[in-house]
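Accompanying notes for the structure given below.
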Amino acid sequence: MKKFYFRQYLEDKNHHFILGIFFILILLTITLFLNLRFQAPTNFPNKIIFTIEKGETLGEIAKNLKKENLIKSTFWLKNSVIFLKKENNIPAGDYFFDKPIGAFNLAKRITRGDFGLQSIRITIQEGLNIFEIADLLQKNFTKFDREEFIQLAKDKEGYLFPDTYFFAPNTKTKDFIEIMERNFEEKIKVIKDELENFGKPLDKVLTMASIVEKEASTTEARRMIAGILWKRLEIKMPLQVDVTFKYINGKNTYQLSKKDLKIDSPYNTYLYSGLTPTPISNPGLNAILATIQPEENDYLYFLSDKNGNMFYAESFEEHVANKNEHLY
608 MKKFYFRQYL EDKNHHFILG IFFILILLTI TLFLNLRFQA PTNFPNKIIF
658 TIEKGETLGE IAKNLKKENL IKSTFWLKNS VIFLKKENNI PAGDYFFDKP
708 IGAFNLAKRI TRGDFGLQSI RITIQEGLNI FEIADLLQKN FTKFDREEFI
758 QLAKDKEGYL FPDTYFFAPN TKTKDFIEIM ERNFEEKIKV IKDELENFGK
808 PLDKVLTMAS IVEKEASTTE ARRMIAGILW KRLEIKMPLQ VDVTFKYING
858 KNTYQLSKKD LKIDSPYNTY LYSGLTPTPI SNPGLNAILA TIQPEENDYL
908 YFLSDKNGNM FYAESFEEHV ANKNEHLY
């Protein structure tokens, strides 16, 4: 009798052990199922546009999603789409993913044609050149082609109006340029009369404004500097401004050496008289207005210290004294 109970005890214990293993396996299976179906890959890309081409099969779409690390398993993606009864009706187009999303929710997005193309807010500050604008756009738009932008915008410097824009994530490179150009044309219309009264060609005004934009930050200082620089042009004196070196070698006033001042570039206003061949940045309306509304003054020289304070001089000797007092 004791042997019988002992045997029964062992059988019950083995039975419970097997049941325990069985439930653990079920739990692991459910966990794996949920993980593959509802959780995004750990290497899910940050802000990506995924394109579904017209005529692509579900298998091709799943394969491409896996290739881009948007899903962990093609199996669960395909089965999720089949479960939603949309395997033969997935809308083609660009889908924007700004945060990780699991396979099932991703399947719901693409079967509904939920492209997620909400506009991205970008502020292009006054005084940025085309290279800096390209860097800014590249940081925020995954399919943006920096080299293409620079190539298309190389003759647009000064004409890409600095402003706050709302661009769709799939905006084409040429469209960025066209939108900023159109904005420039609209803004320039506002000051059309002032430009005509000033009497200088728009390209020269923009080139000077791009320099004035970089030399000072207040309207008063910009108007003073514009008066000085237009005067230098009239008397055939080189502009001798440091801000153009940002366009030559990326250096500012405090980084320049005597060797830099000898760089043979048409943008080196120490070596070449007159305006630079093109604007060196894209000026805002304030700088443009200051340029065509210059303050008449008796000065020929100016400088600003590291705090942005302006100092003016009528003679070179006074200018050197200002440099020794405020820059060194």
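In our numbering, the protein residues as written are 608 to 935. The beta carbon of each residue, even a glycine, is placed where N, CA and C say it ideally should be.
Put simply, the backbone Cα of E785 is about 39 Å away from that of V688. About 5 Å separates the Cβ atoms of E764 and P886, confirming a contact at the 8 Å cut-off. T658 is bridged by DSSP to D701. D849 is the residue among D849, E793, K796, S872 whose C-alpha sits nearest the C-alpha of Q862.
Around the beta-carbon of K853, 16 or more other beta-carbon atoms lie within 10 Å, marking it buried.
At the C-beta level, K794 and L892 come within 8 Å of one another. When secondary structure is reduced to three states using DSSP, I842 falls in the coil class, being assigned neither helix nor strand.
Taking E792 as reference, the option from Y766, N875, D782 with the minimal CA-CA separation is Y766. Leaving aside the five residues that flank S726 on each side, the residues in its chain whose CB is nearer than 7 Å to its CB run, in chain order, F773, F774, A775. Along the length of the stretch 720 to 806, whole alpha helix (DSSP H) runs at least 4 residues long occupy 737 to 747, 753 to 760, 780 to 797, 799 to 805, reported in chain order. Taking a 10 Å sphere around the C-beta of L896, we find 16 or more other C-beta atoms and assign the residue as buried.
Linking T749 to L836 through their CA atoms gives a straight-line distance of about 41 Å.
A direct Cα-to-Cα measurement between F704 and F657 gives close to 8 Å.
In the DSSP assignment, Y861 forms no beta bridge with any residue.
Cβ-Cβ distances below 7 Å link I899 to E801, L802, F805, V812 in the same chain, with the five nearest sequence neighbours on each side left out; the list follows chain order. Spatial neighbours of A816 in its own chain (CB-CB distance under 6 Å, excluding positions within 5 residues in sequence) are listed in chain order as P890, A894, I895, T898.
Nearest to T778 by alpha-carbon distance, out of L724, D742, D762, A710, is L724.
A check of alpha carbon separations from K781 across D752, K674, I798 identifies D752 as the nearest.
Contact annotation: the stretch 726 to 738 does not touch the stretch 678 to 696, with fewer than three C-beta pairs closer than 8 Å.
If you draw a straight line from the Cα of I659 to the Cα of K670, it is about 11 Å long.
Residue environment for Y935: exposed (fewer than 16 other C-beta atoms within 10 angstroms of its C-beta). The Cβ atoms of E820 and E733 lie closer than 8 Å to each other.
Under the three-state reduction of DSSP output, A714 falls in the helix class. Remark: C-beta atoms of H933 and L910 approach each other more closely than 8 Å. Nearest neighbour of F711 by Cα position, chosen from I832, N695, F690, turns out to be F690. In the three-state reduction of the DSSP assignment, A920 falls in the strand class. Close CB contacts of Y919 within its chain, under the 6 Å cut and outside five residues either way in sequence, are with Y906, F909 (chain order). The three-state reading of DSSP puts F651 in coil, since its state is none of H, G, I, E or B.
Contact check for G834 against E903 passes: the beta carbons are separated by less than 8 Å. A straight-line Cα-Cα distance of about 39 Å links N650 and N790.
T851 sits close to Y874, with the two beta carbons spaced by under 8 Å.
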